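**Q** In this note's numbering, the protein residues as written are 3 to 231. C-beta: ideal position from N, C-alpha, C; glycine also. All values derive from a computational prediction rather than experimental measurement.
#1: Need the endpoints of the beta strand (DSSP E) that residue 78 sits in, please.
#2: Thinking just about the alpha-carbon of each residue, which of 42, 28, 24, 115 is nearest to the one in residue 15?
#3: Just checking, does the segment 95–106 make contact with the segment 67–77 on the three C-beta pairs under 8 Å criterion?
#4: Out of 129, 34, 55, point me to the one whose CA is closest to residue 7's CA.
#5: Tell me, please, whether the segment 158–172 touches the segment 111–126 by the rule of three or more beta-carbon pairs shorter than 8 Å.
#6: What is the residue span of the alpha helix (DSSP H) that residue 34 lies within?
#7: In angstroms, rounded to a whole number, what distance separates the CA positions of residue 146 and residue 214?
#8: Following the continuous alpha helix (DSSP H) through residue 65, name the residue where it begins and the one where it ends.
#9: Between 81, 175, 28, which lies nearest to residue 226 when the distance is taken from Cα to Cα?
#10: Where does the unbroken alpha helix (DSSP H) through residue 214 begin, and where does it stop?
Here is the structure:
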């Protein structure tokens, strides 16, 4: 969609490519934009979400089929973990990277424990019981009531198996800060001023390790600036 330099968008956990719809419509005037449904989500729900390195190989194979060469890779949250892994494996094949409410760091002990709790909850209760609290944590408090129904509609068709597979993949992913440090190409970090998933100190530290980086902090949004703003 569009024309100009190629932007490729990778959505986050329990989302699908439509999360980028408004942004893609704006950017397509000056860029060629491609957003995909990751394995296990959206129109790819029948596919298994494997490990983070395995999914990156699948993304690369798709890029080859679509003749996407040297794109700018943009990932939201879990999609950013895939961007970090793409940099590790195939960093010479992309022109730049953007981490939208995301991080190159592996989960710490607490985050691993929290993901395990969610896995056990979904196994016992199903994804439908998980989604309301999940979507509330995606946006700033001020935006919860405004976007809750729309976000529930977005995530509600995610299979329980995909929730569990993706949580395991995120829990077990490797730290890729060193790979980012060696990337050497433009890297953008986008943060929400009211996003409680990552501290500003954590993101500033990662940006400081890049050879060429930029940080944009967006006011009045949480973990979904491309949706809230």
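**A** Answer, in terms of the structure:
#1: Start and end: 74–78.
#2: 42 is the residue among 42, 28, 24, 115 whose C-alpha sits nearest the C-alpha of residue 15.
#3: When Cβ pairs closer than 8 Å are counted between the two stretches, the segment 95–106 is seen to touch the segment 67–77, the count reaching three or more.
#4: 34
#5: yes
#6: Premise fails: residue 34 lies in the beta strand (DSSP E), 34–38, not in any alpha helix (DSSP H).
#7: 35 Å
#8: 54–67
#9: 81
#10: Note, residue 214: premise wrong, no alpha helix (DSSP H); not H, not E.
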